[in-house]
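One point on numbering: in our numbering, the residue at position 101 of the first sequence is 102, and numbering is uninterrupted. Where is the CB? At the ideal position from N, CA and C, for every residue including glycine.
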Amino acid sequence: MPLKIKRKNTEKTAPKEKEKDGFFDAVYDIVRQVPRGQVTTYGAVAEATGMRTSARMVGWALSVSSKAKPRVPAHRVVNRIGILTGRRHFATPTLMQELLEQEGVKVQDDTVVDFKKLFWEPPVLQ
DNA sequence: AATTTGACTTACT
DNA sequence: TAGTAAGCCAAAT
């Protein structure tokens, strides 16, 4: 029987600041700006949107990015190390890698080769 | 309604 | 160096 790690969350979150709901659009907008053949990270996108929503929210936004009108190149977004963590959420587990390779991005072991070089930092929204 | 999980990241031990 | 804790916030169970 698998052990279940329970996280103790005694602290209560109290940020009551509210932002515009267009956080989705902000994420999509940024991701769409990623140049072909380059990649960025969830954290970078999160930071660009104002960092109020942590990197997880970026992944969440991208998970429903299929519904965005213009196609969002979600395959160009990887985690901070360059691993294609979101590959499972594509139509096929290999689609993400294939798309990247089509653009000239080499992928090895679910990791972007020369990720540091190909990393593209999104401009901060103002 | 409460708890867990998740396309993450940073920091501390 | 590696594992754990915590912070984020919404969706799923």
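Since residue i contacts residue j with CB under 8 Å, what's their CB separation in whole angstroms?
i, j, result
"Val32", "Val106", "Going by Cβ atoms, the distance from Val32 to Val106 rounds to 15 Å, so no, they are not a contact pair."
Just the Cα atoms here: how many angstroms apart are residue i and residue j?
i, j, result
"Met97", "Val113", "11 Å"
"Asp26", "Pro71", "11 Å"
"Lys21", "Gly83", "Its pLDDT being 42, under 50, Lys21 is placed unreliably in this model, and the value from its coordinates should be taken loosely. Between Lys21 and Gly83, the C-alpha separation is close to 30 Å."
"Gln103", "Phe24", "29 Å"
"Lys111", "Leu119", "Per the sequence shown, residue 111 should be read as Asp rather than Lys. Computed Cα separation, rounded: 15 Å."
"Val65", "Leu101", "20 Å"
"Trp121", "Ser67", "22 Å"
"Glu99", "Val73", "16 Å"
"Gly87", "Gln34", "19 Å"
"Leu85", "Val125", "23 Å"
"Phe116", "Gln109", "11 Å"
"Arg37", "Gly51", "24 Å"
"Thr95", "Asp30", "25 Å"
So, residue i versus residue j, is the Cβ gap smaller than 8 Å?
i, j, result
"Ala47", "Val59", "yes"
"Ala49", "Pro123", "yes"
Grab the span of the alpha helix (DSSP H) containing residue i for me, first residue to last.
i, result
"Lys117", "Phe116 to Leu119"
"Phe24", "Phe24 to Arg33"
"Met58", "Ala56 to Ser64"
"Ala47", "Tyr43 to Ala49"
"Leu101", "Leu96 to Gln103"
Contact between the segment 35 to 54 and the segment 72 to 88 is defined here as three or more beta-carbon pairs at a separation below 8 Å; is this criterion met?
Yes, the segment 35 to 54 touches the segment 72 to 88.
| request: Count the CB pairs spanning the segment 44 to 59 and the segment 91 to 105 that are closer than 8 Å, and state whether there are at least three. | output: With the cut-off at 8 Å, the segment 44 to 59 and the segment 91 to 105 do not touch.
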